[in-house]
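Structure first, commentary second.
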Amino acid sequence: MSVPTDIQLLTDELRAVLKCSILTPGASGYAESILRWNDAVPNAAALVVFPESPEDVSAIVRSCVKYKVSFAVAAGKHTTSTGSSCDGGVVIDLARINHVVTELETRIVTVGGGCRWKDVDDALVGQNLAMVEGIVNDTGVGGITLGGGYGWLAPRYGLILDNLLAATVVLADGSIVVASRTENSDLFWAIRGAGQCFGVVVEFVFLAHEHRDPVWAGLLGFTLDQLEAVFGFGNRLVESTNGDSAMVVQLSRYPFSRQGREVGIMAVVFHYGDAESAQAVFKPLLDLGPIVNTTMAQTYASVNNMMTAEAKRGGRNVSKGAAFTTPLRPEFLREVIVPEMDRLQAEIPGSDRSIIEFEFYKPDKWCEVPVTATAHGHRGRVQNVMIGLYWNDEQDDVRMEYWSRHIADLVAVERATHGRPAEGPVTEYGNYDHLSAHARDVYGVNYARLVELKKVYDPDNVFNKWFSLVE
Ligand SMILES: Cc1cc2nc3c(=O)[nH]c(=O)nc-3n(C[C@H](O)[C@H](O)[C@H](O)COP(=O)(O)OP(=O)(O)OC[C@H]3O[C@@H](n4cnc5c(N)ncnc54)[C@H](O)[C@@H]3O)c2cc1C
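As numbered in UniProt numbering, residues 1 to 471 make up the sequence shown, in order.
Structure follows, in structure tokens:
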């Protein structure tokens, strides 16, 4: 007779105490449940459990700790890293904890830990409320909030985590606690930036904002010869807007740009206001005669949906963050970044889907919050770059990781040599990182306090799938 393994004992125990769905390899739905944004992530979990309540999550955490079985927490599954996967272990998939409850008078919105932003948008229809969200609505509330959270409304209301009022957290010992400014305030401090390292957040409590549709947004596609004009506009926009207008500019090989052979430019534009006021702000861009133009007045919810079809999971993928100050020199893009993208295309087959994205969000609002007020370390007056590289062959995995760091280094050198002072701390934006950075470089001045709090809340490091806070 064979001796049961820890994973078998754990599975039997969870099946005995839980009523929720538990999938093992081969079960219907298992293959889909382990899919992640990045196909290169080892993801063959021995068990995928779909808790439906904080008590379910608590029982899973306790059992995993008891049998010393490694586990990961999954929400929107958009990290390109191993952060929400557990090869050979357990995935706690929060998809069934997806309630959204709004209180109109207080503007408080309570969101289940497994929600995607689309769940939030659907629940807010007709409520005249809007929240700061990620700009692609099938990303998870969980990962984005716990690691920062940039989006169209961040220049008006701050980062997503700055709009968090409280959270219910399942800790490493299985206890279920509330974290807020008045309860477990040190935990509340830690989860706003490094939440992935401290527990499973089963419920978020956010402050929403009064809102009236429509807003104005869309995609504007340009060929490379308009690079100077588009980025020059972005530089001026960050200076001139009060936070109501923002733009994210992507460089990639779009089908519209010389049959996809040349790098093209996609400016994703947003204006918090009507079409008339938007067109006045964006006139210099519109006058360039974009070859793609989907801009229109629409609901905030539909803006959050407009990139979802484009941004599809799949393929081997790495992401890496970097930061720039405005004005960003177009010469840097034309003479350094575009040639690097051409070199990448020549060297790595299948890398044509790769995107380098430059965000033009006015940073003043999140810079009002002192960097030590939350664990989030990245509060300088800078803009993020998201380097998202794609390829096909496993043999290129290491090279592509190198490429992502190489491009980030080039952006860092440009900021050091031609940028202006960031007027605040600039660290790696953890949510854009493939977990290749050191936690010290993500959390900056907050790192030492996080290391101490980790010893209190998770002394055995059972939440070990994100940046390491163990020295
Ligand atoms: C297409 C795309 C668009 C993006 N847009 C934006 C954007 O607009 N703004 C922005 O700031 N970032 C954006 N990002 C980056 C994003 O913040 C990260 O990918 C983030 O990790 C995604 O969170 P998730 O819940 O979807 O992912 P997951 O892979 O499920 O989770 C990421 C990490 O968070 C942990 N986690 C998730 N939920 C919980 C929870 N409830 N409790 C405890 N731990 C949890 C997981 O364990 C994992 O370690 C984008 C990424 C992609 C791929």
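Where a beta carbon is used, it is the ideal one built from N, C-alpha and C, also for glycine.
Closer than 6 Å to a non-hydrogen atom of ligand 1 - does that hold for the CB of V73?
Within the sequence shown, residue 73 is the residue found at index 73, counting from 1. True, at least one ligand heavy atom lies under 6 Å from that Cβ.
M266 vs G218 beta-carbon contact at 7 Å
Indexing the sequence shown from 1 puts residue 266 at position 266. Indexing the sequence shown from 1 puts residue 218 at position 218. No. Outside cutoff.
H211 (DSSP reduced to helix, strand or coil):
Within the sequence shown, numbered from 1, the residue matching residue 211 stands at position 211. Of the three classes helix, strand and coil, the one that applies to H211 here is coil, per DSSP.
Give me the Cβ distance between D213 and Y300, rounded to the nearest whole Å; I'm assuming they're in contact under 8 Å.
Locating residue 213 in the sequence shown gives position 213, where the first residue counts as 1. Locating residue 300 in the sequence shown gives position 300, where the first residue counts as 1. Going by Cβ atoms, the distance from D213 to Y300 rounds to 6 Å, so yes, they are a contact pair.
Pick helix, strand or coil for S33, following the three-state DSSP scheme.
Looking up residue 33 in the sequence shown gives position 33. Three-state result, S33: helix.
Using a threshold of 7 Å, state whether the C-beta atoms of N137 and N304 are closer than that.
Position 137 of the sequence shown, counted from the first residue, corresponds to residue 137. Position 304 of the sequence shown, counted from the first residue, corresponds to residue 304. Against a cut-off of 7 Å, the Cβ pair of N304 and N137 comes out as a contact.
Cβ-heavy atom distance between G83 and ligand 1 below 6 Å?
The count along the sequence shown starts at 1 and reaches residue 83 at position 83. At least one heavy atom of ligand 1 is nearer than 6 Å to the Cβ of G83, so yes.
Any non-hydrogen atom of ligand 1 closer than 6 Å to G158 Cβ
Position 158 of the sequence shown, counted from the first residue, corresponds to residue 158. It does not: the Cβ of G158 is nowhere closer than 6 Å to a heavy atom of ligand 1.
From T79, A309, V109, F270, residue whose alpha carbon lies closest to that of Q196:
Here residue 196 refers to the residue found at position 196 of the sequence shown. Ranking the options by Cα distance to Q196, first place goes to T79.
Tell me whether the beta-carbon of R192 lies closer than 7 Å to the beta-carbon of A375.
The residue labelled residue 192 in the question sits at position 192 within the sequence shown. The residue labelled residue 375 in the question sits at position 375 within the sequence shown. In this structure, A375 lies closer than 7 Å to R192 by Cβ.
For R316, the residue or residues it bridges with in DSSP
Against the sequence shown, residue 316 aligns to sequence position 316. In DSSP, R316 forms a bridge with W391.
Cβ-heavy atom distance between Q196 and ligand 1 below 6 Å?
Taking the first residue of the sequence shown as 1, we reach residue 196 at position 196. The answer is yes for Q196.
Proximity winner among P425, G264, L285, relative to A246 (alpha-carbon distances):
Translated into positions along the sequence shown, residue 246 becomes position 246. The shortest Cα separation from A246 among P425, G264, L285 belongs to L285.
From G174, V170, G147, A172, pick the residue whose C-alpha is nearest to that of Y161; which is it?
On the sequence shown, residue 161 is found 161 positions in, with the first residue counted as 1. According to the sequence displayed, residue 161 carries Leu and not Tyr. Among G174, V170, G147, A172, the Cα nearest to that of L161 is on G147.
Taking the CB atoms as reference points, tell me whether F360 and G232 lie closer together than 7 Å.
Translated into positions along the sequence shown, residue 360 becomes position 360. Translated into positions along the sequence shown, residue 232 becomes position 232. The answer is no: Cβ separation not under 7 Å.
How big is the Cα-Cα spacing for V49 and T5?
What you label residue 49 is simply residue 49 of the sequence shown in a count that begins at 1. What you label residue 5 is simply residue 5 of the sequence shown in a count that begins at 1. Straight-line Cα distance between these residues: approximately 18 Å.
Check for me: the alpha helix (DSSP H) holding M266 runs from which residue to which?
Residue numbering aside, residue 266 sits at position 266 when the sequence shown is read from its first letter. Segment 264–271 is the beta strand (DSSP E) holding M266; no alpha helix (DSSP H) there.
Own chain residues within Cβ distance below 6 Å of I355, not counting five before or after:
Looking up residue 355 in the sequence shown gives position 355. If we look at I355 and ignore the five residues flanking it on each side, its Cβ neighbours are Q250, S252, G388.
If we call anything under 7 Å between Cβ atoms a contact, is V91 one with A75?
Mapped onto the sequence shown, residue 91 falls at position 91. Mapped onto the sequence shown, residue 75 falls at position 75. Taking 7 Å as the Cβ cut-off, V91 and A75 do not qualify as a contacting pair.
Are the stretch 160–178 and the stretch 198–209 touching, with three or more C-beta to C-beta distances below 8 Å?
yes
Should E471 be labelled buried (16 or more other beta-carbon atoms within 10 Å of its own) or exposed?
Here residue 471 refers to the residue found at position 471 when the sequence shown is read from its first residue. Exposed, by the Cβ-count rule.
Start and end residues, alpha helix (DSSP H) containing D122:
The residue given as residue 122 occupies position 122 in the sequence shown. Unbroken alpha helix (DSSP H) run through D122: 117–124.
What residues match up with L251 in a beta bridge as DSSP calls it?
Position 251 of the sequence shown, counted from the first residue, corresponds to residue 251. Answer is I265, I356.
Return the chain-ordered ranges of every beta strand (DSSP E) run that is complete within the stretch 38–66 and spans a minimum of 3 residues.
47–50
Tell me whether G314 is buried or exposed, calling it buried when 16 or more other Cβ atoms sit within 10 Å of its Cβ.
Stepping through the sequence shown from its first residue, residue 314 is reached at position 314. Exposed, by the Cβ-count rule.
Assuming R449 and Y390 make a contact with CB atoms under 8 Å, what is their CB distance in whole Å?
Position 449 of the sequence shown holds residue 449. Position 390 of the sequence shown holds residue 390. Not confirmed; about 37 Å, so no contact.
According to DSSP, simplified to helix, strand and coil, what is N384?
Position 384 of the sequence shown, counting from 1, holds the residue named residue 384. Note: N384 maps to strand in three-state DSSP.
Do you know how far the Cα of V238 is from the Cα of K465?
Against the sequence shown, residue 465 aligns to sequence position 465. Against the sequence shown, residue 238 aligns to sequence position 238. Distance between the alpha carbons of K465 and V238 is about 35 Å.
Would you tell me roughly how many angstroms separate the C-alpha atoms of S84 and T168, rounded to the nearest one?
As a position in the sequence shown, residue 84 is number 84, starting the count at 1. As a position in the sequence shown, residue 168 is number 168, starting the count at 1. If you take the alpha carbons of S84 and T168, they lie about 19 Å apart.
In this structure, how does DSSP classify F324 when only helix, strand and coil are distinguished?
Here residue 324 refers to the residue found at position 324 when the sequence shown is read from its first residue. In the structure shown, F324 sits in a strand (DSSP, three-state: E or B).
Rounding to the nearest angstrom, what Cα-Cα distance links A16 and Q298 in this structure?
Against the sequence shown, residue 16 aligns to sequence position 16. Against the sequence shown, residue 298 aligns to sequence position 298. If I take the Cα positions, the gap works out to 49 Å.
Please report how far the alpha carbon of P363 lies from the alpha carbon of V462, in whole angstroms.
To locate residue 363, count along the sequence shown from 1; it is residue 363. To locate residue 462, count along the sequence shown from 1; it is residue 462. Rounded to whole angstroms, P363 to V462 spans 35 Å at the Cα level.
Buried versus exposed call for P155 [16 or more other C-beta atoms within 10 Å across all chains shown]:
Here residue 155 refers to the residue found at position 155 when the sequence shown is read from its first residue. Classification for P155: buried.
Please classify D397 as buried or exposed, where buried requires at least 16 other C-beta atoms within 10 Å of its C-beta.
Looking up residue 397 in the sequence shown gives position 397. D397 comes out exposed.
For a quick check, are the C-beta atoms of V338 and L410 less than 7 Å apart?
Against the sequence shown, residue 338 aligns to sequence position 338. Against the sequence shown, residue 410 aligns to sequence position 410. Taking 7 Å as the Cβ cut-off, V338 and L410 do not qualify as a contacting pair.
Going by the CB atoms, is the gap between P327 and E228 shorter than 7 Å?
Numbered from its first residue, the sequence shown carries residue 228 at position 228. Numbered from its first residue, the sequence shown carries residue 327 at position 327. Contact flag unset, no.
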